[in-house]
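Below is one structure, written out as structure tokens; comments come after it.
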Amino acid sequence: MAEHFEKSSDAVRPAGHNFFGHHGRDPDSHLAIEVPTIECVAGHGIRNDRFYDYKEAYKGQITFFAMEIFDELWQGLKIGNLSPGAVRRNVITRGIDLNHLIGREFELQGVHFQGTEECRPCYWMDRALAPGAEEFLQGRGGLRAHILTDGEVRSTF
Numbered sequence: 003m004a005e006h007f008e009k010s011s012d013a014v015r016p017a018g019h020n021f022f023g024h025h026g027r028d029p030d031s032h033l034a035i036e037v038p039t040i041e042c043v044a045g046h047g048i049r050n051d052r053f054y055d056y057k058e059a060y061k062g063q064i065t066f067f068a069m070e071i072f073d074e075l076w077q078g079l080k081i082g083n084l085s086p087g088a089v090r091r092n093v094i095t096r097g098i099d100l101n102h103l104i105g106r107e108f109e110l111q112g113v114h115f116q117g118t119e120e121c122r123p124c125y126w127m128d129r130a131l132a133p134g135a136e137e138f139l140q141g142r143g144g145l146r147a148h149i150l151t152d153g154e155v156r157s158t159f
């Protein structure tokens, strides 16, 4: 499970944005840290996430990405030592057709979500992963969703 936090001297705080909002500029260098559990807060997002309370009814309160797609990406583009966290999605899944969940309610580990749209890849994927990643991920960049109920989601990888 990928989540984006940075450690400060006395607390864990949300990491900043490496790519989001950096059009025409170099990316920042905030680390993506993988955590075993995330706290989902209905209507707000993931507690301590960089997009928590980003804006009302934000379509990307939580994002999902399929491990099968990462495996294909890894093989096809020879991306080396990168982990699935490099795609900067919150939850990595296996065995779920994420595009099928667009416009549908679904449940994961007791937490309810509403799939809102594909998490479309952007041109930064070519820089963060490998040249050709944006094109490779067209139509399979993951899922953005609203969080409908509070709860925790734990990594099973």
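Residue numbers (our numbering): 3 to 159.
Beta carbons are placed, not taken as given, at the ideal position from N, Cα and C, and that holds for glycine.
Since the model is a prediction, treat every value here as computed from it, not as a measurement.
Counting the other CB atoms within 10 Å of its CB gives residue 51 a total of 16 or more, which places it among the buried residues. Secondary structure note for residue 116: its beta strand (DSSP E) is the uninterrupted segment 113-120.
Taking each of 99, 95 and 44 in turn and checking the Cα distance to residue 58, the smallest one comes out for 44. The alpha-carbon of residue 49 is positioned some 28 Å away from that of residue 83. Beta bridge pairing from DSSP links residue 148 with 116. Nearest neighbour of residue 140 by Cα position, chosen from 151, 128, 35 and 62, turns out to be 128.
Scanning 96, 133, 134 and 38 for the CA closest to the CA of residue 66 turns up 96.
Between the C-alpha atoms of residue 155 and residue 134 there is a straight-line separation of about 32 Å.
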